[in-house]
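Each number in our numbering comes from the position in the sequence shown (counting from 1) with 32 added on.
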Amino acid sequence: KLDSKLRVIGFPYGRESLTSRNMATLSRIGIVEDQALVLNLLTDLCRHRFGYDVVLSARDAKSALEGLDETHPEALLVDINLPDNDGISLALEIRKKIPRMKIIILSAECTEYTIFRVRQSGLHGYVDKNADPDFIQAALDSVLNRDLPYFTPLVREVARHTAQDSQAFSKVLSDREHELLPLLGMGRSDAELAASKGLAPDTVRKHRESIMRKLQLKTLPDLVHYCIEKGFLQTRPDGEIRPASWTPSTS
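Below is the structure:
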């Protein structure tokens, strides 16, 4: 019975496919996902259907960082929403430590700003969680075996739309305005932002006015709606809304 189940999920030779001799030839990957059920499903999928050696399973950024030195994966699948960090920020931290690491972001959020951050960060892929699971295999194969980045169709479509929009935030806002926009969307006052960023309140006011003019927004509710729609504000696993981190270009 075990052999037949293994054949169904992608191991045509049953238990023989799982011997240590064969495992030694598999690409080593890690998965960082805060939801235990999803983490277990992804682990089983990558191990038994796609044939990867899953050497690291972590539910938060701290555990992922601690496990890297012991497990030495070649690639990581990283959920964008983690309880103790932002998935893209974690990926950048890992790349500083291990520049050769291939990292693919997993998310159900295909917002323009999220995709923009992934591409700006120089990460290797973005897989929409709502897409067919086989896209995960396609992404891993692309980054590991062909050294090419991989983005699922919806992600490519959103990126294409942003590239064609002459008024897209990525084209009209400065780096500083990108950084301040999600904080303004959280309703922070000019004085609060000035204190936290080491700027003069009048400087923050001018940035806010410039942002609203460039994005053709009239009111504060318009600004908040824009931030939510484009992905400048993120919902944490516990339901808390937080500003997305600003990711400057790595080029």
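Don't be surprised by glycine CBs; every beta carbon is placed ideally from N, CA and C. Only a predicted model underlies this, so the values are computations on that prediction, with no experimental measurement involved.
CA-to-CA distance, residue j to residue i, given in whole angstroms
| i | j | result |
| --- | --- | --- |
| leucine 73 | phenylalanine 264 | 29 Å |
| glutamate 98 | isoleucine 136 | 19 Å |
| lysine 238 | alanine 232 | 10 Å |
| proline 253 | leucine 124 | 32 Å |
| valine 256 | methionine 218 | 7 Å |
| glutamine 152 | alanine 191 | 12 Å |
| threonine 143 | aspartate 234 | 31 Å |
| serine 242 | valine 187 | 29 Å |
| aspartate 76 | proline 131 | 27 Å |
| leucine 176 | glutamate 211 | 33 Å |
| aspartate 179 | alanine 171 | 10 Å |
| serine 59 | aspartate 85 | 6 Å |
| arginine 149 | serine 277 | 9 Å |
| leucine 138 | leucine 216 | 27 Å |
| leucine 69 | phenylalanine 183 | 24 Å |
| threonine 194 | tyrosine 258 | 14 Å |
| valine 204 | arginine 79 | 44 Å |
| glutamine 248 | threonine 103 | 49 Å |
| threonine 251 | glycine 230 | 26 Å |
| alanine 90 | proline 181 | 23 Å |
| glycine 271 | lysine 129 | 31 Å |
| valine 159 | proline 105 | 19 Å |
| arginine 111 | arginine 220 | Arginine is not the amino acid found at residue 111; the sequence shown has aspartate there. Going by the C-alpha atoms only, they are around 28 Å apart. |
Continuous alpha helix (DSSP H) stretch holding residue i: start and end
| i | result |
| --- | --- |
| threonine 146 | 144-153 |
| aspartate 118 | Note, aspartate 118: premise wrong, no alpha helix (DSSP H); not H, not E. |
| leucine 69 | 68-76 |
| aspartate 197 | Element bounds for aspartate 197: n/a, residue is neither H nor E. |
| glycine 99 | 93-103 |
Extent of the continuous beta strand (DSSP E) run through residue i
| i | result |
| --- | --- |
| glutamine 266 | 265-267 |
| glycine 62 | 60-64 |
| alanine 276 | Element bounds for alanine 276: n/a, residue is neither H nor E. |
| leucine 88 | 85-90 |
| serine 139 | 134-139 |
| leucine 108 | 107-111 |
Sheet register partners of residue i (DSSP bridge)
| i | result |
| --- | --- |
| lysine 250 | DSSP lists no partner for lysine 250. |
| alanine 163 | Beta-bridge pairing links alanine 163 to no other residue. |
| glycine 157 | Ile136, Tyr182 |
Residue of the options minimising C-alpha distance to residue i
| i | options | result |
| --- | --- | --- |
| alanine 107 | Ile168, Gly230, Asn113, Lys250 | Ile168 |
| isoleucine 147 | Asp85, Asp166, Ala200 | Ala200 |
| aspartate 92 | Gly83, Phe82, Asn113, Glu102 | Asn113 |
| glutamate 209 | Asp66, Pro165, Thr194, Arg245 | Arg245 |
| leucine 100 | Arg81, Val204, Tyr158, Arg127 | Arg127 |
| valine 64 | Leu249, Ala96, Arg81, Asp222 | Ala96 |
| lysine 161 | Pro185, Asp173, Gly154, Leu155 | Pro185 |
| phenylalanine 82 | Leu71, Asp166, Asp118 | Asp166 |
| leucine 109 | Val87, Ser228, Asp116, Glu102 | Val87 |
| aspartate 173 | Ala140, Lys134, Asp164, Gly154 | Lys134 |
| leucine 155 | His80, Asp164, Gly119 | Gly119 |
| aspartate 222 | Leu213, Val236, Ser89 | Val236 |
| alanine 163 | Tyr145, Glu141, Arg220 | Glu141 |
| isoleucine 273 | Ile61, Pro105, Leu71, Pro214 | Pro214 |
| serine 202 | Gly62, Asp111, Tyr145, Pro105 | Tyr145 |
| proline 115 | Glu189, Asp66, Ala226, Ile61 | Asp66 |
| arginine 240 | Ser206, Thr267, Gln266, Gly62 | Ser206 |
| leucine 225 | Lys262, Asp197, Pro275 | Pro275 |
Completely contained alpha helix (DSSP H) runs for the segment 201-236, where each covers 4 or more residues
As far as the segment 201-236 is concerned, its whole alpha helix (DSSP H) runs of at least 4 residues are 201-204, 207-217, 222-229.
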